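Going line by line, the protein sequences match chains A and B. Residue numbers for the first sequence follow my numbering, beginning at 1 and rising by one. Residue numbers for the second sequence follow my numbering, beginning at 216 and rising by one. The beta-carbon is built from N, C-alpha and C at its ideal position, and this holds for glycine as well. Since this is a predicted model, take the numbers as computed values, not measurements.
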Amino acid sequence: MNIFRLAGDMTHLASVLVLLLKIHTIKSCAGVSLKTQELYALVFATRYLDIFTDFISVYNTVMKLIFLGSSFSIVWYIRRHKIVRRSYDKEQDTFRHYFLVLPCLLLALLIHEKFTVKELLWTFSIYLEAVAILPQLVLLQRTRNIDNLTGQYVFLLGAYRSLYILNWIYRYFTERHFVHWITWIAGLVQTLLYADFFYYYFESWKNNVKLQLPA
Amino acid sequence: NSNQDLKDEL
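Have a look at this one:
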């Protein structure tokens with residue numbers, strides 16, 4: 001475990017906690033895309049099947065359980081909680097799941113390391129994670145008025161992805177650990193999706209004004 | 216490469 005990987009995991013964890021905190025305490029999911037949250041739940045459910053087959057470390061298992069538990073509880077809150085669900089803006093959150101899920105399924109069937117169920121689901125989850133933020137980014141662009149917590153959530157997720165790339169570079173040089181090129185490409189695509197958001201996030205921070213994305 | 220087979224990242 002290197003510092004980039006740890007920092008990446010911690011920003012990922014922080015992003016989820018910020019979102020849960022917002023939903024749980026303010027009882028509002030305004031500005032949060034249910035589509036993105038459902039895609040993340042699917043990402044974790046398909047990727048972390050290995051908790052039943054492989055043991056890596058206590059840290060690894062605990063983190064996997066946290067990401068599974070938190071993503072499904074966020075979905076539950078937005079869909080089922082009697083107060084939270086009222087703040088869900090269904091009209092704005094119109095991105096279709098299958099636009100992302102079907103191409104990722106197809107791509108996983110075409111480009112993978114091994115043709116086994118577990119490996120295909122893992123590859124699918126890597127592709128899907130790369131694009132799962134899109135409904136959230138579209139929603140931010142549409143609502144324009146972004147509250148602090150939602151802005152921080154997206155910023156922390158972007159930071160997590162950037163730190164993972166530094167982690168792969170570091171692991172390559174120190175451990176000769178090769179991340180498969182599938183992971184590299186998906187990771188780079190995912191990080192690049194945040195570039196635009198990062199630009200406006202830092203601008204608003206520098207000028208000390210409220211974060212707004214251009215229409 | 217067994218290092219690669221074991222997916223130790225999250």
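For the pair Gln-136(A) and Val-154(A), the CB atoms are nearer than the 9 Å cut-off. Within chain B, the C-beta atoms nearer than 9 Å to that of Asp-50(A) come from Lys-222, in chain order.
Following the DSSP letters along the chain, one finds Gln-37(A) inside the alpha helix (DSSP H) bounded by residues 34 to 47. Going by DSSP, Gln-136(A) is part of the alpha helix (DSSP H) stretching over 134 to 143. For a cut-off of 8 Å, the C-beta gap from Ser-125(A) to Val-62(A) is around 19 Å, too long to register as a contact. Restricted to the stretch 80 to 149 of chain A, not a single beta strand (DSSP E) segment is unbroken, complete and at least 3 residues in length.
Taking the Cα of Val-18(A) as reference, the smallest distance to any Cα among Gln-190(A), Asn-148(A), Phe-202(A) and Glu-203(A) is reached at Asn-148(A). Scanning its chain for C-beta atoms nearer than 7 Å, with the 5 sequence neighbours on each side dropped, one finds around Leu-211(A) the residues Ile-146, Gly-151, Tyr-200, Tyr-201 and Ser-204, in chain order. Under the three-state reduction of DSSP, Val-179(A) is assigned to coil, being neither helix nor strand.
Apart from the 5 residues on each side of it in sequence, Thr-11(A) sits with its Cβ closer than 6 Å to the Cβ of Leu-156, Ala-159 and Tyr-160 in its chain, given in chain order.
Counting of Cβ neighbours within 10 angstroms places Glu-129(A) among the buried residues, the total reaching 16 or more. Excluding the 5 residues flanking it on each side, Val-84(A) has same chain C-beta neighbours closer than 8 Å at Ile-23, Lys-27, Ser-28, Cys-29, Tyr-77 and Ile-78, in chain order.
DSSP places Gly-8(A) in the uninterrupted alpha helix (DSSP H) bounded by 3 to 21. Remark: C-beta atoms of Leu-109(A) and Gly-8(A) do not approach each other more closely than 9 Å. For Tyr-199(A), the uninterrupted alpha helix (DSSP H) run begins and ends at 195 to 206, by DSSP. Put simply, the backbone Cα of Leu-34(A) is about 12 Å away from that of Glu-91(A).
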